[in-house]
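Trainee: Here it is: the structure, laid out below.
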Amino acid sequence: MRPILTVVDSQRLDIKPQPFPVLTGQPLLEGRALCCIRQDRVLFEQQSLTVHAGELLQVAGKNGAGKSSLLRILAGLAQPDDGAVYYRQQTLSQAATGYAADLCYIGHQSGIHEQLTALENISFWRTASGVAAADDFALLAQLGLAGLEDIPCRMLSAGQQRRVALARLWFVKRQLWILDEPFTALDQSAISMLQQHFLQHLQLGGAIVLTTHQALQMTHQALTTLELAYRW
Amino acid sequence: MVTLYRFTQRELCLLARQKADWLNPLLFFVIVLSLFPLGVGPEPNLLRIMAPGIVWIAALLSVLLAAERLFKDDYRNGVIEQLVAAKQPLLSFVLAKLITNWLSTGLPLVLLSPLVALLLNIDQASLVAMVFTLLLGTPLLSLLSVMGAALTVSADKGGILLALLILPLYIPLLIFASAAMEAAAMALPYYGQLAIMLAMLLFAMALIPLAVISALKLNVS
Chain A
7 MRPILTVVDS QRLDIKPQPF PVLTGQPLLE GRALCCIRQD RVLFEQQSLT
57 VHAGELLQVA GKNGAGKSSL LRILAGLAQP DDGAVYYRQQ TLSQAATGYA
107 ADLCYIGHQS GIHEQLTALE NISFWRTASG VAAADDFALL AQLGLAGLED
157 IPCRMLSAGQ QRRVALARLW FVKRQLWILD EPFTALDQSA ISMLQQHFLQ
207 HLQLGGAIVL TTHQALQMTH QALTTLELAY RW
Chain B
493 MVTLYRFTQR ELCLLARQKA DWLNPLLFFV IVLSLFPLGV GPEPNLLRIM
543 APGIVWIAAL LSVLLAAERL FKDDYRNGVI EQLVAAKQPL LSFVLAKLIT
593 NWLSTGLPLV LLSPLVALLL NIDQASLVAM VFTLLLGTPL LSLLSVMGAA
643 LTVSADKGGI LLALLILPLY IPLLIFASAA MEAAAMALPY YGQLAIMLAM
693 LLFAMALIPL AVISALKLNV S
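Just so you know, the protein sequences line up as chains A and B, in that order. For what it's worth, my numbering labels the leading residue of the first sequence as 7, then goes sequentially. For what it's worth, my numbering labels the leading residue of the second sequence as 493, then goes sequentially.
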């Protein structure tokens, strides 16, 4: 199921400043003939993909089709059984630190410690990403978590925990986001807010790879879907 | 430096919320030591002779008890995976774990040593030696247990594996620490033993953080 794509007025895209370097013609991230085998089952083989700056790639497919495995390979956390991932025309091992410095990966586990409060979790990720401290109360209020800043995250609902995890996307300065099921447990308003934020990131020259079963309601020209078939 | 400070703050905050993590090993240490006089009989001379071995074995086991949960939470909720993915400051993360592990399991043992001396009829010279050996030895225990915890973090029931992996590495420390305390009890100099312990500590300090980082990376991929 491909979401409806509408062409966005290209003039409007230039209003925003472009903090991310955009290579014209060259893909930002490229997977060439990737193959992944788990427990003697071939999840995918000869799978190629390209992501340019300003593009969003939605990886779709049934449960067990290998979406998360593909994302982990793209994030450099797992090695493909065949093929290679290229970042700015370099393999991940060549681009190692440069790639990591441009990457924000939020996996299936959200990276939130249940014993810490929302504020403490956010400040941990700020420190880890090397971003200066700022007004986290305002950020949390924007994410609909006003009044819940000082409560350990285990007291929050699954959707609220996911919001805390995704708060990272509002302050990290990374060009490439790889997000595994970012919409899990989120309500409609949070989903549309997140999609708005995605759009903003794309307009700044960022790139996003994500998996979701949701149909993205975004109206953006650079939205592509990669359908992974479930194989036996 | 700022990163290390912030990460240490986070770990201390977690320790304050999860008191069982550091109180249990500490209570275990005290309980084991108080059981020995009951078990082997309250003969003061016998206790004094056995004290070095008892103190150090109890210390080893209590540190081991604290080690298992060290990385478990951060592994389960994906913090380690995401730190590795973005090559974010893993070294600071590991050092913060080390520092807080020592502050919560090693330092209390040093502070408890006067009480231990009372329980086991240790004289003053041996007490001083015990404090020195604990000061040098417990950081090494923390280093080794952090390494073991990092290696076994993805194993489901890693407890026994951790013990098998780490206890042999504790043995040199056990030998030299109890030798230093025995020497002190006989009013002999024990600088040699302390110097060897210091050497082991410095060696471990230089290499183990790197080993821990590699182990964490291995475990998430």
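Cβ atoms here follow ideal geometry from the backbone N, Cα and C, with glycine treated the same way.
Give a yes or no on whether the C-beta atoms belonging to Arg-132/A and Leu-34/A are separated by under 8 angstroms.
Mentor: Taking 8 angstroms as the Cβ cut-off, Arg-132/A and Leu-34/A do not qualify as a contacting pair.
Trainee: I need the straight-line Cα distance from Ser-198/A to Ser-554/B, nearest angstrom please.
Mentor: Distance between the alpha carbons of Ser-198/A and Ser-554/B: 51 angstroms.
Trainee: Can you tell me which of the three DSSP states Val-645/B falls into?
Mentor: Residue state, collapsed to three classes: coil.
Trainee: If you follow the beta strand (DSSP E) that Val-91/A is in, where does it begin and where does it stop?
Mentor: Its beta strand (DSSP E) spans residues 88–93.
Trainee: Among the residues of its own chain, which have a CB less than 7 angstroms from the CB of Asp-108/A, if the five just before and after it don't count?
Mentor: So the list reads Arg-180, Gln-181, Leu-182, once near-sequence residues are dropped.
Trainee: Alpha carbon to alpha carbon, what distance is there between Ala-655/B and Ile-684/B?
Mentor: Position check: residue 684/B holds Gly in this sequence, whereas Ile was assumed. Each residue's alpha carbon lies about 29 angstroms from the other.
Trainee: If I measure Cβ to Cβ from Gln-121/A and keep anything under 8 angstroms in the same chain, skipping five residues before and after, which residues do I get?
Mentor: Pro-158, Cys-159, Arg-160, listed in sequence order.
Trainee: Is DSSP giving Phe-719/B helix, strand or coil here?
Mentor: Any property of residue 719/B remains undetermined from this structure, which presents chain B solely from 493 to 713.
Trainee: Ends of the beta strand (DSSP E) at Ser-54/A?
Mentor: 47–57 is the span of the beta strand (DSSP E), which, as asked, contains Ser-54/A.
Trainee: Nearest-angstrom Cα distance between Val-645/B and Ser-706/B?
Mentor: Their Cα atoms are separated by approximately 12 angstroms.
Trainee: Got a sec: is the Cβ-Cβ distance from Phe-563/B to anything in chain A below 8 angstroms?
Mentor: False, the Cβ-Cβ gap to chain A never drops below 8 angstroms.
Trainee: For a contact meaning CB atoms closer than 8 angstroms, what does Leu-109/A contact in chain B?
Mentor: In chain order: Ala-577, Ala-578.
Trainee: Look at the Cβ atom of Ile-658/B, then the Cβ atom of Leu-632/B, and state whether they are nearer than 8 angstroms.
Mentor: Contact flag unset, no.
Trainee: For the putative contact between Ala-66/A and Glu-233/A, defined by C-beta atoms under 8 angstroms, what is the C-beta separation to the nearest angstrom?
Mentor: So it is a contact: roughly 5 angstroms between Cβ atoms.
Trainee: I'd like to know if Glu-715/B contacts chain A, where contact means its C-beta is closer than 8 angstroms to some C-beta of that chain.
Mentor: The requested residue 715/B does not occur in the structure, where chain B is confined to residues 493 to 713.
Trainee: What distance in whole Å lies between the Cβ atoms of Phe-50/A and Gly-72/A, which are believed to be in contact at a cut-off of 8 angstroms?
Mentor: Between Phe-50/A and Gly-72/A the Cβ distance is about 5 angstroms, and since that is below 8 angstroms, they are a contact.
Trainee: Around the Cβ of Ile-663/B, are there at least 16 other Cβ atoms within 10 angstroms (buried) or fewer (exposed)?
Mentor: Ile-663/B should be labelled exposed.
Trainee: What residues are listed by DSSP as bridge partners for Leu-232/A?
Mentor: According to DSSP, Leu-232/A bridges with Val-65/A.
Trainee: Could you name the residues of the same chain whose beta carbon sits closer than 7 angstroms to that of Asn-613/B, not counting the 5 residues immediately before and after it, in chain order?
Mentor: Same-chain partners within the cutoff: Pro-536, Leu-539, Arg-540.
Trainee: Can Ala-124/A and Leu-146/A be called in contact, C-beta distance under 8 angstroms?
Mentor: Yes.
Trainee: For Asp-513/B, would you say it is in contact with chain A, using Cβ-to-Cβ distances shorter than 8 angstroms as the test?
Mentor: Chain A contact via Cβ: absent.
Trainee: At a Cβ threshold of 8 angstroms, is Ser-135/A touching chain B?
Mentor: So, interface residue.
Trainee: Closest Cβ-Cβ distance between Thr-97/A and chain B: below 8 angstroms?
Mentor: No, Thr-97/A lies away from the interface with chain B (no Cβ there is under 8 angstroms from its Cβ).
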